[in-house]
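Residue numbers 1256 to 1648, in the numbering used here, belong to the letters of the sequence shown in order.
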Amino acid sequence: MSIRFAKRMDAMRPSSIREILKVTSRPDIISFAGGLPAPELFPVNEIRAACDRVIAESGPEALQYATTEGFPPLRALLAAEMAKRGIAAEADDILVTTGSQQGLDLIAKVLLDPGDCVLTENPTYLAAIQIFQSYEAAFAPVPTDDEGIIPEALPELVARHSPKFLYLIPNFQNPTGRTLSASRRKSLYEIAARIGLLVVEDDPYGKLRYTGTDIPSIKSLDAEGRNIYLSTISKTVAPGLRIGWVVAPKSVMGKLVTGKQASDLHSSSLDQRVLHRYFCDYDNAAHVEKIRRAYGERYGVMDAALKECMPDGFSWTHPEGGMFLWVSGPAGVDTLAMLDRAIERKVVFVPGRDFFPDGSGMSFMRLNFSNSSPDRIREGIARLAELCGEGKR
Ligand SMILES: Cc1ncc(COP(=O)(O)O)c(C=O)c1O
1256 MSIRFAKRMD AMRPSSIREI LKVTSRPDII SFAGGLPAPE LFPVNEIRAA
1306 CDRVIAESGP EALQYATTEG FPPLRALLAA EMAKRGIAAE ADDILVTTGS
1356 QQGLDLIAKV LLDPGDCVLT ENPTYLAAIQ IFQSYEAAFA PVPTDDEGII
1406 PEALPELVAR HSPKFLYLIP NFQNPTGRTL SASRRKSLYE IAARIGLLVV
1456 EDDPYGKLRY TGTDIPSIKS LDAEGRNIYL STISKTVAPG LRIGWVVAPK
1506 SVMGKLVTGK QASDLHSSSL DQRVLHRYFC DYDNAAHVEK IRRAYGERYG
1556 VMDAALKECM PDGFSWTHPE GGMFLWVSGP AGVDTLAMLD RAIERKVVFV
1606 PGRDFFPDGS GMSFMRLNFS NSSPDRIREG IARLAELCGE GKR
């Protein structure tokens, strides 16, 4: 029987990550591919205790259907977390989502019609590209340099493409690890306000700074409700709980809630209550400190190993936080074509082109440093550097 798939599936490109993940579970493979946190740092015992308490004290409620917006005490805690990040939000301004991935999906669902344009960094988060593609969006990349996107390029792009919104990841961006400077955030906000551009600010990594000083979010500058902000506990507690949140202007919030009702009614009541209990009973700031120290050390090891081993012509970013760095090869290098040989050598990375909405980016690769021990990072980079050296001969 021939199945007639939806037209929107034509626009969705499968990413090479799925293929890569098939081999990353092999213990002999050193993977710099997935965006996985370090599992040995998950607060397993604390989550178990929180879970036990929730089931013992409010089992039936935790297992019942609940409101779409989220568990009210958790929304209140998330609003307090927003205040710490300089963002004025009441509990009512917060929508709890099933990971920030769902937040992005809902934003796309309520804003995008087929053919609508989205402005993005170039490169950008590949699963966001997939979401926007699934709503049949068109893309217009914003010129980008080492400080992130160039805000002065926005007015012309907006005039030409009339985009529904700009999507960006200002802190330790996925995939490049770059951070949008404070002065660019300010000009971006001013320009966006002047030309009426909605900004979607995705911030999963902002708490993972291991060097330098925090930069205020664009949302913290937003007095007029022009910005939608997303964050998640995936990198600061554990991604398996699948809890993220969206802070949106009131006019957008109602639509997001309706969109979420149609998607999943609500995020897991049990997970939300367990997370709330965990936040109340434990010091997650101290836990994040541990993660930051470990990732800072791992980044340092990867950077030093790259310096020691990579052949001439390769360069890479120097992120101040997050989980990734971004390697740029000399002209002619095709990192996708290198992948099979990399797997033979038992090391994997993500080829750059998945992160470019237009499929360019042949000579780049994304390396994750949060999910490997320092020893495996040294060994993996030695294997990778050998391969890069061969490619050049
Ligand atoms: C930029 C970005 N946004 C969103 C997500 C999704 O995170 P979550 O686990 O909260 O769905 C990720 C995950 O890696 C990401 O890198």
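Here a beta-carbon is modelled for each residue, glycine too, at the ideal position from N, C-alpha and C.
As the structure is a prediction and not an experimental result, all values here were calculated from the model.
Residue i beta carbon near ligand 1 (any heavy atom closer than 6 Å)
{"i": "D1526", "result": "no"}
{"i": "Y1484", "result": "no"}
{"i": "Y1380", "result": "yes"}
{"i": "I1342", "result": "no"}
{"i": "G1290", "result": "yes"}
{"i": "D1360", "result": "no"}
{"i": "P1612", "result": "no"}
{"i": "D1457", "result": "yes"}
{"i": "P1504", "result": "no"}
{"i": "I1302", "result": "no"}
{"i": "Q1385", "result": "no"}
{"i": "P1425", "result": "no"}
{"i": "S1518", "result": "no"}
{"i": "N1429", "result": "yes"}
{"i": "G1499", "result": "yes"}
{"i": "R1494", "result": "The residue asked about is misnamed: residue 1494 is Pro in this sequence, not Arg. Yes, the Cβ of P1494 comes within 6 Å of a heavy atom of ligand 1."}
{"i": "G1354", "result": "yes"}
{"i": "T1649", "result": "The question about residue 1649 has no answer, for the chain in this structure spans 1256 to 1648."}
{"i": "T1572", "result": "no"}
{"i": "T1487", "result": "yes"}
Rounded distance between the beta-carbons of residue j and residue i, thought under 8 Å
{"i": "S1522", "j": "V1351", "result": "5 Å"}
{"i": "Y1465", "j": "E1575", "result": "7 Å"}
{"i": "V1397", "j": "N1377", "result": "7 Å"}
{"i": "G1577", "j": "Y1460", "result": "4 Å"}
{"i": "D1519", "j": "Y1484", "result": "Wrong, their Cβ atoms sit about 21 Å apart, outside the cutoff."}
{"i": "P1471", "j": "S1442", "result": "Actually they are not in contact, since the Cβ atoms of P1471 and S1442 sit about 14 Å apart, beyond 8 Å."}
{"i": "L1561", "j": "R1600", "result": "With 8 Å as the limit, L1561 and R1600 do not qualify as a contact, their Cβ atoms being about 16 Å apart."}
{"i": "S1439", "j": "E1402", "result": "The amino acid occupying residue 1439 in the given sequence is Arg; Ser does not appear at that position. Yes, R1439 and E1402 are in contact; Cβ-Cβ is about 6 Å, under 8 Å."}
Alpha-carbon spacing of residue i relative to residue j, whole angstroms
{"i": "P1327", "j": "A1346", "result": "7 Å"}
{"i": "P1269", "j": "M1593", "result": "18 Å"}
{"i": "A1321", "j": "K1515", "result": "13 Å"}
{"i": "E1312", "j": "P1298", "result": "21 Å"}
{"i": "W1581", "j": "A1261", "result": "35 Å"}
{"i": "I1386", "j": "F1624", "result": "25 Å"}
{"i": "G1314", "j": "H1531", "result": "14 Å"}
{"i": "L1381", "j": "T1431", "result": "12 Å"}
{"i": "A1448", "j": "T1399", "result": "20 Å"}
{"i": "R1648", "j": "I1488", "result": "At R1648, the pLDDT of 46 sits below 50, so the modelled position is not reliable; the number obtained from the coordinates is stated separately. Between R1648 and I1488, the C-alpha separation is close to 44 Å."}
{"i": "M1508", "j": "S1389", "result": "22 Å"}
{"i": "I1362", "j": "Y1422", "result": "10 Å"}
{"i": "A1540", "j": "D1265", "result": "44 Å"}
{"i": "S1583", "j": "R1547", "result": "25 Å"}
{"i": "K1419", "j": "L1367", "result": "7 Å"}
{"i": "F1534", "j": "N1482", "result": "27 Å"}
{"i": "K1603", "j": "K1505", "result": "Reading the sequence as shown, one finds Val at residue 1603 and not Lys. Whole-angstrom Cα-Cα distance: 44 Å."}
{"i": "I1302", "j": "D1567", "result": "46 Å"}
{"i": "H1573", "j": "D1469", "result": "16 Å"}
{"i": "M1240", "j": "F1579", "result": "A question about residue 1240 goes unanswered here, because the residues of the chain that appear run from 1256 up to 1648."}
{"i": "A1437", "j": "I1310", "result": "44 Å"}
{"i": "S1257", "j": "R1263", "result": "17 Å"}
{"i": "K1339", "j": "D1558", "result": "31 Å"}
{"i": "E1645", "j": "D1595", "result": "14 Å"}
{"i": "E1324", "j": "I1349", "result": "7 Å"}
{"i": "A1597", "j": "A1640", "result": "10 Å"}
{"i": "D1536", "j": "R1308", "result": "10 Å"}
{"i": "T1434", "j": "P1294", "result": "25 Å"}
{"i": "I1275", "j": "R1281", "result": "11 Å"}
Same chain only: Cβ atoms within 7 Å of residue i, ignoring 5 sequence neighbours per side
{"i": "K1462", "result": "T1491 and V1543"}
{"i": "E1634", "result": "I1285"}
{"i": "L1296", "result": "K1545, I1546 and A1549"}
{"i": "A1344", "result": "A1334, M1337 and V1502"}
{"i": "Q1319", "result": "S1524"}
Own chain residues within Cβ distance below 8 Å of residue i, not counting five before or after
{"i": "P1629", "result": "E1552, R1553 and V1556"}
{"i": "M1267", "result": "Q1385, Q1388 and S1389"}
{"i": "H1416", "result": "C1372, L1374, A1393 and A1395"}
{"i": "G1370", "result": "E1391, A1392 and A1393"}
{"i": "T1279", "result": "S1286, A1288, G1289 and V1603"}
{"i": "P1292", "result": "S1489, K1490, A1493, P1494, I1546, M1578, S1625 and N1626"}
{"i": "S1199", "result": "Outside the shown range of the chain (1256 to 1648) lies residue 1199, about which nothing can therefore be said."}
Cβ neighbours of residue i in the same chain (closer than 6 Å, five flanking residues each side left out)
{"i": "K1510", "result": "V1365"}
{"i": "S1570", "result": "S1583"}
{"i": "A1637", "result": "C1564"}
{"i": "C1306", "result": "V1529"}
Residue-chain proximity (residue i, chain C), Cβ-Cβ < 7 Å
{"i": "L1367", "result": "The structure shown contains no chain C; it is built from a single protein chain."}
inquiry  = Check whether the segment 1491-1511 and the segment 1356-1367 are in contact - that is, three or more C-beta pairs closer than 8 Å.
reply    = Taking a contact to require three or more Cβ pairs closer than 8 Å, the segment 1491-1511 and the segment 1356-1367 qualify as touching.
ask   = So does the segment 1403-1413 actually touch the segment 1435-1455, counting three or more Cβ pairs closer than 8 Å?
value = A contact exists between the segment 1403-1413 and the segment 1435-1455.
ask   = Given 8 Å as the limit, is there contact between the segment 1482-1496 and the segment 1522-1541, that is, 3 or more CB pairs closer than that?
value = As far as the Cβ criterion goes, the segment 1482-1496 touches the segment 1522-1541, which means the pair count is three or higher.
query = Should the segment 1329-1336 be called in touch with the segment 1468-1475, which here means at least 3 C-beta pairs below 8 Å?
reply = Contact between the segment 1329-1336 and the segment 1468-1475 is absent, because fewer than three Cβ pairs lie under 8 Å.
key: Three or more C-beta pairs below 8 Å linking the segment 1608-1618 and the segment 1585-1592   = Segment contact: the segment 1608-1618 against the segment 1585-1592, three or more CB-CB distances shorter than 8 Å; contact assigned.
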